[in-house]
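Residues in the sequence shown are numbered from 12 upward in steps of one, following this note's numbering. By construction, the Cβ of each residue, glycine as well, lies at the ideal position given by its N, Cα and C atoms. Inspection log for the structure reproduced underneath, given as structure tokens.
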Amino acid sequence: MSDRNRGKVILIVEDNKHNMELAADLLEVAGFTTLQARNGENALKILADNTPHVVLLDLRLPDVHGLEIFRKIRENKKLDATKVIVFTASAMKEEEEKIRGMGFDAFISKPIDTTRFVQAIEEILHQVKKG
Ligand code: MN
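The following block contains the structure:
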């Protein structure tokens, strides 16, 4: 168990059980605290009561599109410092560029690369937020 990420909270929004468990396990072993939502409604409930450092956001959710969650995060001043990482299986270069243009802080593709996943999140977490 690592101490370096102690106190850092990551909300994982993901409806796929396997991806959720793998992401949460990797992050918790690295010392992060995780919050977990399997759908958009649950994600918004959690965000009403918590200010995570990072939201790892799947776009294809059973109730709402992840972009709707993203829009609500960016409308909420309390979440100004929260970094949003798109977490999607889409490997399409064009779609990735379109998504980046919407102002997400970063993009992590699925399936999860277990050797790179935690490091990628740590790097994004420590980036200075773009104005
Ligand atoms: Mn999904």
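Nearest to residue i (by Cα), restricted to the options the options
i, options, result
"E25", "G42, N16, A54", "A54"
"R36", "E106, R111, I123, T62", "Per the sequence shown, the amino acid found at residue 36 is Asp instead of Arg. For D36, the nearest C-alpha among the options comes from I123."
"V20", "P63, H76, L136", "P63"
"D60", "I135, E79, G77, N87", "N87"
"K109", "T125, V40, L78", "L78"
"N16", "A34, A41, E32", "A41"
Simplified DSSP state of residue i, which is helix, strand or coil
i, result
"L90", "helix"
"V20", "strand"
"H68", "According to the sequence as given, residue 68 is Leu; it is not His. Reduced to three states, the DSSP call for L68 is strand."
"Q130", "helix"
"I123", "coil"
"V40", "helix"
Contact under 8 Å by Cβ, residue i with residue j
i, j, result
"T45", "I23", "yes"
"K121", "A100", "yes"
"V97", "L72", "no"
"F81", "L67", "no"
"K94", "V65", "yes"
Pairwise C-alpha distance: residue j and residue i
i, j, result
"G51", "D14", "30 Å"
"F118", "R111", "8 Å"
"D91", "R85", "7 Å"
"N27", "R49", "8 Å"
"M113", "H29", "28 Å"
"G142", "D116", "Because the pLDDT at G142 is just 47, under 50, the model does not fix this residue reliably, and the value given afterwards should be weighed accordingly. Roughly 11 Å between the two C-alpha positions."
"H137", "T126", "19 Å"
"H76", "E107", "16 Å"
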